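In full-length UniProt numbering, the protein residues as written are 1 to 241. All remarks here apply to the structure that follows.
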């Protein structure tokens with residue numbers, strides 16, 4: 001019997017009773033969380049990297065605790081802790097301020113959780129990239145009378161990008177996979193809706209292969225864009241063999 005006859009491809013139809021539309025909606029939710037969480041993590045990483053390098057001893061110690069704890073605790077545990085305990089603490093704080101409790105959307109909570117996790121790793125990636133910039137370039141800029149802001153904008157950031165992009169690219173791909181962990185808190189991202197579709201139809205092979213294909217497509221497109229960004233950032237740098 002042909003393999004096609006064993007698979008009911010109509011289950012992937014975009015319209016009901018097919019589940020294709022549901023899978024694509026879950027995939028878009030996953031991308032939204034990954035983009036939002038990655039952007040938040042990048043902001044936290046920039047602040048954390050400069051704080052570790054140029055901040056005072058108290059700030060450096062606090063950031064060291066943050067990056068160490070987040071990197072030490074499994075991400076699933078962090079997601080459960082931040083999602084449930086974080087929401088409860090926020091509502092307790094709002095209640096103490098005389099403000100009613102709020103119902104935090106799953107999207108916002110997912111972005112926050114992924115962002116906090118990404119921020120710890122981004123901090124170390126960016127810190128290492130900044131330290132890789134030849135100090136002579138920064139000293140030369142200061143000798144020409146550039147302000148610290150100009151040194152940062154014209155020298156430090158452009159020079160650090162080629163060193164940071166490989167690590168940041170890996171973190172982006174990790175963020176796209178970490179969205180699957182949000183299924184444990186009931187957010188309707190790709191993994192959860194795939195499990196629901198497979199459980200309802202019993203077509204486990206079809207739906208999980210379809211989900212894998214969507215994740216693979218996202219990775220391939222991401223690699224293409226990352227390659228373009230990396231080539232642009234390395235303009236003027238000597239090619240390494």
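By construction, the Cβ of each residue, glycine as well, lies at the ideal position given by its N, Cα and C atoms. Nothing here was measured: the structure is a model prediction, and the numbers come from that model.
For residue i and residue j, I'd like the C-alpha separation in whole angstroms.
i           : j           : result
residue 189 : residue 112 : 15 Å
residue 34  : residue 20  : 21 Å
residue 204 : residue 197 : 8 Å
residue 187 : residue 107 : 8 Å
residue 233 : residue 110 : 30 Å
residue 180 : residue 214 : 13 Å
residue 45  : residue 64  : 12 Å
residue 132 : residue 160 : 7 Å
residue 177 : residue 223 : 14 Å
residue 79  : residue 7   : 36 Å
residue 91  : residue 100 : 8 Å
residue 147 : residue 235 : 25 Å
residue 138 : residue 225 : 30 Å
residue 149 : residue 85  : 39 Å
residue 208 : residue 25  : 15 Å
Pick helix, strand or coil for residue i, following the three-state DSSP scheme.
i           : result
residue 103 : coil
residue 7   : coil
residue 13  : coil
residue 19  : coil
residue 135 : helix
residue 202 : coil
residue 147 : coil
residue 74  : coil
residue 97  : coil
residue 153 : helix
residue 222 : helix
residue 187 : coil
residue 56  : coil
residue 235 : coil
Return the Cβ separation of residue i and residue j in integer angstroms, given the expectation that the two are a contact with Cβ distance under 8 Å.
i           : j           : result
residue 56  : residue 119 : Going by Cβ atoms, the distance from residue 56 to residue 119 rounds to 20 Å, so no, they are not a contact pair.
residue 18  : residue 30  : Contact doesn't hold; Cβ gap of about 20 Å is too wide.
residue 194 : residue 14  : That pair is no contact at about 15 Å.
residue 175 : residue 47  : 18 Å between Cβ atoms; not a contact.
Looking only at its chain, what residues have a beta carbon closer than 7 Å to the beta carbon of residue i, apart from the 5 residues adjacent to it on each side?
i           : result
residue 164 : 125, 126 and 129
residue 3   : At residue 3, the pLDDT of 47 sits below 50, so the modelled position is not reliable and the matter cannot be decided from this model.
residue 167 : 125
For residue i, which residues of its own chain have a beta-carbon under 6 Å away from its beta-carbon, when the five flanking residues on both sides are left out?
i           : result
residue 191 : 180 and 183
residue 58  : none
Inset, instruction - May I ask you to verify whether the region 37 to 56 touches the region 215 to 228, counting CB pairs closer than 8 Å and requiring at least 3? - result: Between the region 37 to 56 and the region 215 to 228, the count of Cβ pairs shorter than 8 Å is below three; the stretches do not touch.
Legend entry - Cβ contact check for the region 66 to 75 and the region 145 to 159: 3 or more pairs under 8 Å: Touching, no.
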